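Student: Dumping the structure here so I can ask a few things about it.
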Amino acid sequence: VRARDPFAEDCRIHEYPPAGPTYKGIFPEYVINLDLPPRERWVQVVREKKNELRIVMKTIKDIVLTFIPNEKFIASMESKMGWLCSTLPYPFNEEIKGIASAIDVPLGDVVVFNIFYEIFTV
Amino acid sequence: CTSIIAQDKTGKLYHARNLDFGLFLGWDVQNSSWHTTQKLKPIMVSLDFQKNNKTVFKSANFAGYVGIISGVKPALFTLTMNERFSLDGGYIGILEWLIGKRDGWWMSFLIRTVLENGTSYEEAKDKLANTKLLAPAYFILGGNKLDEGCIITRSRSAALNIKYLDTKKGNWFLVQTNYDPWKPPLIIDDRRNPAINCVNQTGQEKIALSDLYNVLSTKPMLNKLTVGTTLLEVSEGHIESYLRDCPNPCSPW
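Sequence lines, in order, name chains A and B. At position 15 of the first sequence the residue is numbered 69 (my numbering), and the sequence of numbers has no breaks. At position 174 of the second sequence the residue is numbered 175 (my numbering), and the sequence of numbers has no breaks.
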């Protein structure tokens with residue numbers, strides 16, 4: 055494998071506990087309380103990650119704009135994606151609405167973020 | 002992505018994954034990294050889904066992403082999903098959904114439903130194998146009993162193949178990347194054989210979560226697309242997740 059792949063290396067054996075240049079920190083921990091109404095479940099998480107989430111959503115929008123450089127088309131898609139949310143199953147649709155409202159971004163942006171696996175599997 | 006399930010000599014199951022995302026979604030020349038991959042790292046979170054103040058399941062997630070791609074249901078099963086590329090892809094499922102044909106499941110919503118409501122490894126396997134999906138996927142499912150582990154290769158409509166752990170035949174671990182298990186991986190993206198090689202080098206006598214972390218820290222399993230590494234252990238319902246970086250020289254995928 056090493057002969058074929060210039061980036062491959064010998065199996066690493068002393069990487070744990072994580073440290074060094076390949077380690078960039080732990081994932082912060084949150085509780086999602088399923089006893090809350092769906093619209094309220096994600097409020098704390100997304101408010102704390104509001105700026106970072108907005109950057110990701112803008113990045114996704116920029117990628118779409120690269121392929122389809124038409125702002126009007128994007129605006130039209132955003133409103134259609136807002137409609138798509140109403141067709142998603144409960145409680146996911148309500149949770150997505152709660153996220154959009156908590157961080158004050160268009161509903162369509164949060165919908166696209168939540169279905170990007172289906173979009174990118176081509 | 003690279004997912005691994007391994008079983009030690011006592012029958013204890015370990016599950017780990019590298020989450021790789023952002024291929025062809027913009028290359029940052031200055032920092033030698035994928036644009037989207039870098040932007041996703043700050044929104045990674047570890048979530049504990051609770052009812053009545055008790056854990057129902059735990060996951061490693063993107064903040065604000067209501068579906069699940071990696072999770073553990075304590076004492077019952079662990080589950081990760083790897084992306085499966087296909088011309089009969091998710092965009093067809095989305096188009097069908099838009100025109101009103103809505104009998105398929107959104108992949109990450111199915112995983113969350115299985116983690117939230119699942120009562121056994123077998124039930125989870127059955128749901129993941131037989132529920133119609135909008136997009137193809139690989140489901141990597143581990144249980145809590147001897148040889149409970151499998152890779153389910155899914156098209157949008159059916160399970161194309163289920164590959165099982167089978168210690169009697171010497172198959173004490175499973176490795177899944179982004180290629181069908183019965184086909185060779187793309188020659189310029191072979192993470193499967195290096196991962197198999199490293200798990201074999203560790204050996205069943207020694208294998209533990211820390212060793213799976215070592216395997217997933219080895220290039221090319223660790224690459225420029227790697228957002229994070231998640232380690233899962235079912236009996237304790239344990240999950241730990243780490244943000245990763247792949248300093249140069251490092252494979253772009």
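Backbone N, C-alpha and C define an ideal beta-carbon position, used for all residues, glycine too. The structure displayed is predicted, hence computed values, not measured ones.
1. Which of the residues in the region 74-104 of chain A, read from start to end, lie with their CB under 7 Å from any CB of chain B?
2. Count Cβ pairs between the region 59-79 of chain A and the region 116-133 of chain A that sit closer than 8 Å; are there 3 or more?
3. Check whether the region 34-41 of chain B touches the region 92-110 of chain B, counting contact only when three or more Cβ pairs, one atom from each stretch, lie closer than 8 Å.
4. Rounded to a whole number of angstroms, what is the C-alpha to C-alpha distance between residue 249/B and residue 220/B?
5. In angstroms, rounded to a whole number, what distance separates the CA positions of residue 136/B and residue 160/B?
6. Tell me which residue opens and which closes the beta strand (DSSP E) that residue 143/B is part of.
7. For residue 50/B, which beta-bridge partners are listed by DSSP?
8. Does any C-beta atom of chain B lie closer than 9 Å to the C-beta of residue 146/A?
9. Compute the distance between the beta-carbons of residue 208/B and residue 175/B, then report whether it is under 9 Å.
10. Check the C-beta distance from residue 139/A over to residue 199/B and give it rounded, since I have them as a contact under 8 Å.
11. Taking only the alpha-carbon atoms, compute the straight-line gap between residue 143/A and residue 21/B and give it to the nearest angstrom.
12. Between residue 37/B and chain A, is any beta-carbon pair separated by less than 9 Å?
13. What are the boundary residues of the alpha helix (DSSP H) that residue 193/B is part of?
14. In chain B, which residues lie with their C-beta within 7 Å of the C-beta of residue 66/A?
15. If you draw a straight line from the C-alpha of residue 243/B to the C-alpha of residue 210/B, how long is it?
16. How many Å lie between residue 149/A and residue 89/A at the Cα?
17. List the whole-angstrom C-beta distance separating residue 159/A from residue 111/A, where the pair is believed to meet the contact cut-off of C-beta under 8 Å.
18. Indicate the three-state DSSP secondary structure (helix, strand or coil) for residue 235/B in the structure shown.
19. Around the C-beta of residue 146/A, are 16 or more other C-beta atoms found within 10 angstroms, so that it is buried, or is it exposed?
20. Can you find at least 3 beta carbon pairs, one from the region 3-22 of chain B and one from the region 164-184 of chain B, that sit closer than 8 Å?
21. Starting from residue 122/B, trace the alpha helix (DSSP H) both ways and give me its first and last residue.
22. Over the uninterrupted alpha helix (DSSP H) stretch that includes residue 115/A, give me the two end residues.
23. Following the continuous alpha helix (DSSP H) through residue 39/B, name the residue where it begins and the one where it ends.
24. Bridge partners for residue 98/B per DSSP, in chain order?
25. Might you give, ordered along the chain, the residues of its own chain that have their beta carbon closer than 6 Å to the beta carbon of residue 105/B, omitting 5 neighbours on each side?
26. I want to verify the contact list: residues of chain B whose CB lies under 7 Å from the CB of residue 107/A, in sequence order.
27. Less than 9 Å between CB atoms is the rule here; does residue 155/B satisfy it with respect to chain A?
28. Could you tell me which of 131/B, 68/B, 150/B sits nearest to residue 234/B, measuring between CA atoms?
29. Just to confirm, is the Cβ distance from residue 47/B to residue 83/A under 9 Å?
30. Would residue 132/A pass as an interface residue toward chain B - the criterion being a Cβ-Cβ separation below 9 Å?
31. Could you check what DSSP says for residue 96/A in three-state terms: helix, strand or coil?
32. Could you tell me the boundaries of the alpha helix (DSSP H) in which residue 154/A lies?
33. Once DSSP output is grouped into helix, strand and coil, what is the label at residue 125/A?
34. For residue 76/A, count neighbouring C-beta atoms within 10 Å of its own C-beta (all shown protein chains included) and say buried if the count is 16 or more, exposed if not.
Tutor: In this structure, then:
1. 75, 76, 77, 78, 79, 80, 81, 82, 83, 84, 85, 86, 87, 88, 89, 96, 99, 100, 103
2. Contact between the region 59-79 of chain A and the region 116-133 of chain A is absent: fewer than 3 CB-CB pairs across the two stretches fall below 8 Å.
3. no
4. 11 Å
5. 12 Å
6. 138-143
7. When DSSP reads this structure, residue 50/B sits in a beta bridge with 86/A, 58/B.
8. It does; some Cβ of chain B falls within 9 Å.
9. No; because the gap between Cβ atoms is not below 9 Å, this pair is not in contact.
10. About 43 Å; that fails the 8 Å criterion.
11. 27 Å
12. At a cut-off of 9 Å between beta-carbon atoms, residue 37/B makes contact with chain A.
13. Its alpha helix (DSSP H) spans residues 193-203.
14. 215, 218, 219
15. The alpha-carbon atoms of residue 243/B and residue 210/B are separated by roughly 13 Å.
16. 13 Å
17. 6 Å
18. Residue state, collapsed to three classes: coil.
19. buried
20. yes
21. 122-131
22. 104-121
23. 36-41
24. DSSP lists no partner for residue 98/B.
25. 94, 133, 134, 135
26. Result: 44, 64, 65.
27. no
28. 150/B
29. yes
30. no
31. coil
32. Run containing residue 154/A: 146-157, per the alpha helix (DSSP H) assignment.
33. helix
34. Residue burial annotation: residue 76/A is buried, with at least 16 other C-beta atoms found within 10 angstroms of its C-beta.
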